[in-house]
Amino acid sequence: MTTLLNLKQATKTIQNESDTNTTILDHVDLTIRKGEFVTVLGGNGAGKTTLFNSITGTIELTSGKLYIGDKEVTRLPEEKRARHISRVFQDPKMGTAPRMTVAENLLLALKRGEKRHLLPRKMKAQRDSFQTLCASVGNGLEKHLDTPTGHLSGGQRQSLSLLMATLTRPELLLLDEHTAALDPKTAKRLMELTQEVIETHQLTCLMITHRMEDALKYGNRLIVLENGRIKLDLNAREKAQMKLEDLFVLFEEEKAQII
């Protein structure tokens, strides 16, 4: 299976006010292969968001290397990595432009990673495809093509964020607790949509979740982070044998060690 993402001894340290260094990502070795759907668990401060920020280039590693395919991108800026990576955040407000309509947001996403030019936007040519795309979500989003996204519900806005992130079929999709701000029913529907999109387009995905049930139900690999390190890395077969009670025990052990 082709390697898509490779982190070698990835480390991130920050300096505190007391001039001491805190390690939030600790010599992580991680290989993600094309077609994997990896769920990521970990308590507060485990390093989950730092891992994602390191992959996207939002923060720069203190040491270590990061590769996309066979190309090292360790020092490549975030905007250039955006050609390969899409991300959906926990906050529905972060993935969309609130004053732009649903259709305008989708058109913007269609141009992701391209150089900007002063050209006609060609909205009319895309409108029917946007209508069909939004209708596939099942929450009435297709009725709001001309509605500013700031007027949508949280679930509709997050569904739009997912559509935007996957519109141009990214090499790597990062889902950063993208259902955490939603009510259980809406979160369930969004996860079903997520599964559909990933399977239909055969995307490679890393998904941070705080819902242990989702971590076991979705994906073909499970990673557990603790104190900036990978504590557990289960393949599809090992993950299928893991029960919810096993994960609870794992996190109880982690709490006990902290205390």
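The sequence shown lines up with residues 200 to 458 when you count with this note's numbering. Note that beta-carbon positions come from the ideal geometry of N, C-alpha and C, so glycine has one too.
Whether residue i touches residue j by CB criterion (9 Å)
| i | j | result |
| --- | --- | --- |
| N419 | F236 | yes |
| L370 | T403 | Checking the sequence, you will find Glu at residue 370 rather than Leu. Yes, these two residues count as a Cβ contact at 9 Å. |
| L361 | V396 | yes |
| K211 | T261 | yes |
| L265 | L424 | no |
| A281 | T255 | yes |
| R368 | H343 | no |
| M363 | G263 | no |
| A308 | L373 | no |
| L381 | Q357 | yes |
| P291 | G353 | yes |
| R388 | H226 | no |
| M441 | Y417 | no |
Secondary structure of residue i, DSSP reduced to three states
| i | result |
| --- | --- |
| K243 | The sequence given here has Asn at residue 243, not Lys. Correct three-state label for N243: coil. |
| P319 | At P319, the pLDDT of 48 sits below 50, so the modelled position is not reliable; the number obtained from the coordinates is stated separately. Coil at P319, not helix or strand. |
| H409 | coil |
| T403 | coil |
| S328 | helix |
| D445 | helix |
| Q440 | helix |
| T346 | coil |
| R388 | helix |
| R368 | coil |
| K292 | helix |
| A435 | helix |
| L306 | helix |
| N215 | coil |
| S360 | helix |
| T221 | strand |
| L203 | strand |
| T378 | coil |
| L424 | strand |
| V166 | The chain is shown from 200 up to 458; residue 166 falls before or after that span and cannot be answered. |
| L351 | coil |
Buried or exposed by the 16-neighbour rule on C-beta atoms within 10 Å, applied to residue i
| i | result |
| --- | --- |
| F288 | buried |
| T221 | exposed |
| I223 | buried |
| H316 | Residue confidence for H316 is low, a pLDDT of 49 falling below 50, so the modelled location carries little weight; the figure read from the coordinates is stated next. With fewer than 16 other Cβ atoms within 10 Å, it is exposed. |
| D190 | Since the first and last residues shown for the chain are 200 and 458, residue 190 lies out of range. |
| A324 | exposed |
| E259 | exposed |
| A216 | It should be pointed out that residue 216 corresponds to Glu in this sequence rather than to Ala. The residue is exposed, with fewer than 16 neighbouring Cβ atoms inside 10 Å. |
| V336 | buried |
| N243 | exposed |
| E444 | exposed |
| A439 | exposed |
| L318 | With a pLDDT of 44 at L318, under the threshold of 50, the predicted position of this residue should be treated as unreliable, and no value is reported. |
| S253 | buried |
| A334 | exposed |
| F447 | exposed |
| T378 | buried |
Three CB pairs or more closer than 8 Å across the segment 281–299 and the segment 349–366: Taking 8 Å as the limit for Cβ pairs, the verdict is that the segment 349–366 does touch the segment 281–299.
So, does the segment 400–416 touch the segment 231–250, judging by three or more C-beta pairs under 8 Å? yes
Does the pairing of the segment 221–231 with the segment 201–213 give three or more beta-carbon distances under 8 Å? yes
Within the segment 227–282, ranges of the beta strand (DSSP E) (whole runs, at least 3 residues): 236–241, 262–267
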